[in-house]
Structures are given as structure tokens and as C-alpha cells.
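Step one of this worksheet: look at the structure below.
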Amino acid sequence: MKTPSAYENELKRIESIYHEHKGRYGYRRIHLALINEGIKLNHKTVQRLMGQLNLKSTVRPKKYRSYRGETGKTAANYLKRDFKSSRPNEKWVTDVTEFKVNEQKIYLSSIIDLYNQEVIAYKVAKNARLTLVTDMLQKGISRLKQYEKPLLHSDQGWQYRNHHYQKLLANNG
21 MKTPSAYENE LKRIESIYHE HKGRYGYRRI HLALINEGIK LNHKTVQRLM GQLNLKSTVR
81 PKKYRSYRGE TGKTAANYLK RDFKSSRPNE KWVTDVTEFK VNEQKIYLSS IIDLYNQEVI
141 AYKVAKNARL TLVTDMLQKG ISRLKQYEKP LLHSDQGWQY RNHHYQKLLA NNG
């Protein structure tokens with residue numbers, strides 16, 4: 021085992037690789053980068069040297085995925101790809117979309133009327149929680165006249181199969 025001063029060149033190169041990759045590389049990737057440059061160090065040594073330099077990789081947040089397994093009951097497909105509507109508030113579609121704005125994820129939930137592609141209601145949030153779609157649905161329902169009961173079509177994501185969302189739909193026809 022080398023003395024700490026014997027790792028001087030390796031320490032500089034580890035720090036350099038770490039900063040080149042904006043702190044995203046952990047000891048495993050730095051170890052591979054060093055091997056690619058012909059510098060042979062054990063991965064545990066790289067980990068220890070990074071600890072001495074107080075270098076820790078940033079942990080990236082998980083990518084948003086709406087699928088959460090088989091939660092709730094899947095609704096029948098009444099729309100059957102017939103996206104034409106003969107009158108306003110006959111057929112609505114809804115979905116959640118993920119955007120990146122200034123390196124931050126933003127989620128947009130909206131309802132669109134298939135008659136004229138008008139945005140009936142929308143909500144923007146920093147997370148994809150159930151309130152994103154329930155608040156948006158309540159906004160949409162508040163615009164309806166009492167006799168209007170549009171068919172609401174979605175991709176059957178976990179939010180739309182959730183008990184509270186289904187109850188909100190049932191209570192409003």
C-alpha cells in the first residue's frame with residue numbers, strides 16, 4: 021500500500037475527473053475513467069481517496085413513471101379511438117405531462133375538450149401527486165352545466181384509477 025503522498029497524482033486526477041463531470045461521477049465511474057487513462061487503482065482505493073477529498077457524487081432523482089402496478093379498477097374504453105365530437109362537453113381527454121424548466125421537473129395535468137381542442141382545466145405542480153389530477157378535475161367539473169356529463173378518457177395511469185379520483189368522478193356523474 022502506498023503512503024498518502026504517493027497518491028498525489030491520483031488525487032489530482034480523481035478531483036479533476038469529478039469536476040469535469042460536475043460531481044455526477046461516483047467512485048465506480050471515476051475508477052473506470054482512471055482505468056481508461058491507464059491509471060490502475062483498486063476501486064476501494066478510489067473510494068477512500070474520494071473520501072479524503074470529501075467528494076461525493078450527486079444522487080439523481082428517479083425519473084417520473086406513472087405506473088404503480090395494478091392499483092384500482094381499469095375503466096372500459098368507451099371512446100374506442102373515436103376522437104371526434106359533435107358538441108362541446110361531450111368528450112374530454114386528460115393526461116399528465118412532465119416538463120423540464122430551468123433544470124427542474126414540472127408536471128402539467130390538463131383536460132381537453134375534443135369538440136374544439138379547448139383546454140377546459142389545467143394544473144401545474146412540482147410533483148405528480150394525486151392532488152394534481154383531482155384539483156384539475158374539480159376545476160373542469162365546476163365549468164359544467166348541471167345537465168352536461170362528458171365522457172372523460174384517460175390513459176388509465178395510477179392517478180385515474182385511484183379510489184379518490186374515481187369517487188370524485190362518480191359523485192359528479
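My numbering numbers the first residue of the sequence shown as 21 and each following residue consecutively.
All C-beta atoms in this analysis are idealised placements derived from N, C-alpha and C, irrespective of residue type, glycine included.
Note that the coordinates shown come from a computational prediction; the quantities given were computed from them, not determined experimentally.
Which residues in the same chain as residue i place their Cβ atom closer than 7 Å to its Cβ, once the five residues preceding and following it in sequence are excluded?
i: R33; result: L54 and I59
i: V139; result: S130 and I132
i: E30; result: I59, L61 and L69
Return the chain-ordered list of same chain residues with a C-beta closer than 6 Å to the C-beta of residue i, the five sequence neighbours on each side being excluded.
i: A196; result: Because the chain is modelled from 21 through 193, residue 196 falls outside the range shown and cannot be assessed.
i: Q67; result: Y47
Can you tell me where the beta strand (DSSP E) with residue i in it begins and where it stops?
i: Y167; result: Premise fails: Y167 is in no beta strand (DSSP E) and is neither H nor E.
From the DSSP secondary-structure annotation, give me the bridge partner or partners of residue i.
i: Q124; result: V121
i: T114; result: I131
Is residue j closer than 9 Å to residue i when the C-beta atoms are compared?
i: V153; j: V113; result: no
i: L172; j: L150; result: no
i: R48; j: T78; result: no
i: L75; j: Y38; result: yes
i: F103; j: L134; result: yes
i: L73; j: E28; result: no
i: N109; j: K165; result: yes
i: A145; j: Q179; result: no
Looking only at its own chain, which residues have a Cβ that is under 8 Å from the Cβ of residue i, when we skip the five neighbours before and after it?
i: F119; result: K125, I126, Y127 and L128
i: K64; result: none
Could you tell me the boundaries of the alpha helix (DSSP H) in which residue i lies?
i: V144; result: Counting along the chain, V144 falls outside any alpha helix (DSSP H), though it belongs to the beta strand (DSSP E) covering E138 to A145.
i: L75; result: Looking at the DSSP string, L75 is not in any alpha helix (DSSP H), and its letter there is neither H nor E.
i: L31; result: E28 to E40
i: K104; result: That residue, K104, is in no alpha helix (DSSP H); it is neither H nor E in DSSP.
i: A96; result: Segment: none, A96 is in no alpha helix (DSSP H) and carries neither H nor E.
i: L150; result: L150 to S162
i: P54; result: Note on identity: in this sequence residue 54 is Leu, with Pro being the wrong assignment. Start and end: Y47 to N56.
i: R80; result: Run containing R80: none; DSSP gives neither H nor E here.
i: L189; result: H183 to N191
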